[in-house]
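The structure under discussion appears below in the form of structure tokens.
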DNA sequence: GCATAATATGAAACCGCTTTCATGTCAAGG
DNA sequence: CCTTGACATGAAAGCGGTTTCATATTATGC
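Protein chains in written order, with our numbering: chain A, 9 to 371; chain B, 9 to 371.
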């Protein structure tokens, strides 16, 4: 291992002091153009790359962003992370990854992250409610951006989608296809997105003048098994009371529903139309392929990074501006979703209305 | 933001010097038990967590492992990363993630990583050949572990599977099912694993006394499109020359093959049996479901971390032992694979031999 | 042409921790 | 009782940067 080139070496070789080299590194304006040139050239020649660790330590801020994620095997995560990674790449920040594996308290991890003093900001990918500890830290000034889920009223700056509107569109799609009795398999109540999707469903029914039947709303956990359970529960209903269609609050549950439906002899979409939510990779491959709301995961990742960095820089200026008292509501970036029409809703086969629906999907 | 508790605070509160606190932190033996107790108690009370950045800087070694991965959307990656993350969690190391997005030279990234001086070791998840730069660095003493692919003769310590044997088993499975003309869609030649899988295929044919027909070996790229191309090429063969089965070198290509085959009116497995390689999540969901060799990605991740850390610690001791001259061949951890029997090979439907095959799959 | 301000640079302190070296203590050995 | 280590601890010098403050240089105004 060749000994690392340090700022001191550069200073000596360029005939300047460490301070000047540091100024060049940080693109301070008060360096003579000529000097800067010379220093830059020496750095180039020596292949000098400053130590992030040292810079972070000395400067009191670090160029590492902590990313807190659920396990990668959760299907929405890889695509989000791809966006995050790609956005980071264009900056001089790096990612420190904290993956919450099952069974471990998020608070523990959050503590671990921060106490290390390694990262100066945090990107949280967290379905479900935020831990109090996180909120506390954020209120103490830690720049945090949350991806997805919590929707307004946002406690923290966040990037996500409009769950209510998206659910509304999903349900409305079924209504337009002519289904009247439309069921809903909802996610757990502690997820705000689950509540919002439910509201969107209700709103669509209402606007279409369709009666709301509580018996058609099933409770799920966002996991595959609860989709299966829902299908099983559904077939116990008397034939006359069965729904003609169902809007399922995420694709994962929809997969369970589909597979159980098949086993129960329920044909999708002939006997029952299905629309999901998320559009994860598998959705295009299950049989029947799943009509669903596409969440722009990649874009969410990118936007979250950009928001976080802008926060980070903005904050650095805060002490100057001094908006100590005036508390503004945190930024939320809301990205558009899209209805992806596939087989499970019957639009392509049942009513031959695909032209109409295609144009709708491109709205 | 409350001011961070530093080692100095602890020292003062415990009535000792910074040096002693540091000793306690690093579990040095030469601290009186009583003193240690006291220091630990104060640390506990203060919620002290040492700064990784400072420790790394001062100690000249860091507690960050760099992880170099292909995009997360490559289907084998999330599962590997899950293993990596979980293994890391049990240590006091953290992950710095470098994701190589398409189009960017791995060498650039490797340089970026190292120059930063942030990480003291590197975990490389890289399908395909290693960059010379990486080999160079490793030979200069940087602890590097590579996941997958390169098989023996390994240039670097690595974790992977025995591709040849696994391919042999896949092919042998087809042979046992009674197929005689067995094709192979291979991966690109620059991937050693592609070559090895090809060899395993050849070996199985040979041992079974089946003739090898070069016309039945197709070239692929490991991507979906080349699976489709292969299917298209295959149907141009005169009926008499068509294979009865095909062993495809990875699942991604198998998916392409399956979908093209369906479009071409080729029934799988009735007209042609298919076995893939990898067992990525989608493999259980395509139609027909794919019989394939399961790679233990999660375990590979875990093992790689363990190997890397043991290397890291071992290396620290090297100067003492001083094996300067004697160059040993790098460690390779080879994990077992398993044949997962699903629909595409016909074992479950065609010959009703499933009992026999099940027991085989559990070997 | 000189006072004054603006700009460019260097010296040194410091970030939070590790490590070396020196010092102090105490038990064993002569 | 004094020497010799072994052991416990502290003081101080870094690690590779950033930042403050002082100083040197140059530009500006009158």
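Every residue gets a Cβ at the ideal spot worked out from N, C-alpha and C, and that includes glycine.
Boundaries of the beta strand (DSSP E) in which residue i is found, first to last residue
i                      : result
residue 192 of chain A : 190 to 194
residue 102 of chain B : 102 to 107
residue 253 of chain B : 253 to 256
Beta-bridge partners of residue i, as assigned by DSSP
i                      : result
residue 129 of chain A : A:73
residue 391 of chain A : Only positions 9 to 371 of chain A appear in the structure, and residue 391 of chain A is not among them; the question remains open.
residue 166 of chain B : B:154, B:340
residue 226 of chain A : A:193
Under 7 Å between C-beta atoms of residue i and residue j
i                      : j                      : result
residue 288 of chain A : residue 282 of chain A : no
residue 269 of chain B : residue 224 of chain B : no
residue 183 of chain A : residue 133 of chain A : no
residue 39 of chain B  : residue 49 of chain B  : no
residue 285 of chain B : residue 257 of chain B : yes
residue 165 of chain A : residue 139 of chain A : no
residue 297 of chain A : residue 260 of chain A : no
residue 81 of chain A  : residue 90 of chain B  : yes
residue 235 of chain A : residue 255 of chain A : no
residue 195 of chain B : residue 230 of chain B : yes
residue 109 of chain A : residue 79 of chain A  : yes
residue 172 of chain A : residue 198 of chain A : no
residue 299 of chain B : residue 346 of chain B : no
residue 142 of chain A : residue 163 of chain A : no
residue 293 of chain A : residue 293 of chain B : yes
Whole-number beta carbon distance between residue j and residue i, since they are thought to touch under 8 Å
i                      : j                      : result
residue 27 of chain A  : residue 47 of chain A  : At roughly 11 Å, the Cβ-Cβ gap does not stay under 8 Å, so residue 27 of chain A and residue 47 of chain A are not in contact.
residue 152 of chain A : residue 185 of chain A : That belief does not hold up - the Cβ atoms of residue 152 of chain A and residue 185 of chain A are roughly 42 Å apart, past 8 Å.
residue 118 of chain B : residue 312 of chain B : With a Cβ gap of about 17 Å, residue 118 of chain B and residue 312 of chain B do not count as contacting.
residue 74 of chain A  : residue 106 of chain A : 6 Å
residue 193 of chain B : residue 228 of chain B : 5 Å
residue 149 of chain B : residue 176 of chain B : Actually they are not in contact, since the Cβ atoms of residue 149 of chain B and residue 176 of chain B sit about 37 Å apart, beyond 8 Å.
residue 305 of chain A : residue 77 of chain A  : Residue 305 of chain A to residue 77 of chain A, Cβ: 12 Å. No contact.
residue 187 of chain A : residue 249 of chain A : No, residue 187 of chain A and residue 249 of chain A are not in contact; Cβ-Cβ is about 14 Å, not under 8 Å.
residue 29 of chain B  : residue 41 of chain B  : With 8 Å as the limit, residue 29 of chain B and residue 41 of chain B do not qualify as a contact, their Cβ atoms being about 15 Å apart.
Minimum C-alpha distance to residue i - residue among the options
i                      : options                    : result
residue 174 of chain A : A:355, A:351, A:344, A:349 : A:344
residue 271 of chain B : B:181, B:339, B:295        : B:295
residue 301 of chain A : A:262, A:267, A:279, A:274 : A:262
residue 12 of chain B  : B:37, B:194, B:51          : B:51
residue 121 of chain A : B:179, B:137, B:72, B:172  : B:72
residue 247 of chain A : A:138, A:226, A:189, A:298 : A:189
residue 267 of chain A : A:291, A:95, A:80          : A:291
residue 170 of chain A : A:142, A:187, A:206        : A:206
residue 54 of chain B  : B:34, B:85, B:16           : B:16
residue 307 of chain B : B:278, B:82, B:96, B:116   : B:96
residue 62 of chain B  : B:14, B:78, B:20           : B:14
residue 217 of chain A : A:141, A:25, A:179         : A:179
residue 116 of chain A : B:236, B:57, B:42          : B:57
residue 342 of chain A : A:154, A:85, A:59          : A:154
residue 338 of chain A : A:352, A:196, A:319        : A:319
residue 459 of chain A : B:260, B:59, B:143, B:70   : Residue 459 of chain A falls outside the range modelled here, since chain A spans only 9 to 371, and no answer is possible.
residue 310 of chain B : B:92, B:141, B:198         : B:92
residue 226 of chain B : B:214, B:245, B:357, B:103 : B:245
residue 400 of chain A : A:352, A:103, A:147, A:355 : Nothing about residue 400 of chain A can be read from this structure; chain A reaches only from 9 to 371.
residue 98 of chain A  : A:314, A:142, A:198        : A:314
residue 67 of chain A  : A:44, A:94, A:34, A:41     : A:34
residue 215 of chain A : A:181, A:347, A:142        : A:181
Opening and closing residue of the alpha helix (DSSP H) in which residue i lies
i                      : result
residue 234 of chain A : 232 to 243
residue 284 of chain B : Looking at the DSSP string, residue 284 of chain B is not in any alpha helix (DSSP H); the run it does join, the beta strand (DSSP E), is 281 to 286.
residue 154 of chain B : Careful: residue 154 of chain B lies outside any alpha helix (DSSP H), inside the beta strand (DSSP E) at 152 to 155.
residue 55 of chain A  : First-last for residue 55 of chain A: undefined, no H or E at that position.
residue 179 of chain A : 171 to 184
residue 88 of chain A  : 85 to 97
residue 291 of chain B : Segment: none, residue 291 of chain B is in no alpha helix (DSSP H) and carries neither H nor E.
residue 30 of chain A  : 26 to 33
residue 147 of chain A : 140 to 147
residue 21 of chain A  : 15 to 22
residue 266 of chain A : 259 to 271
residue 211 of chain B : 200 to 215
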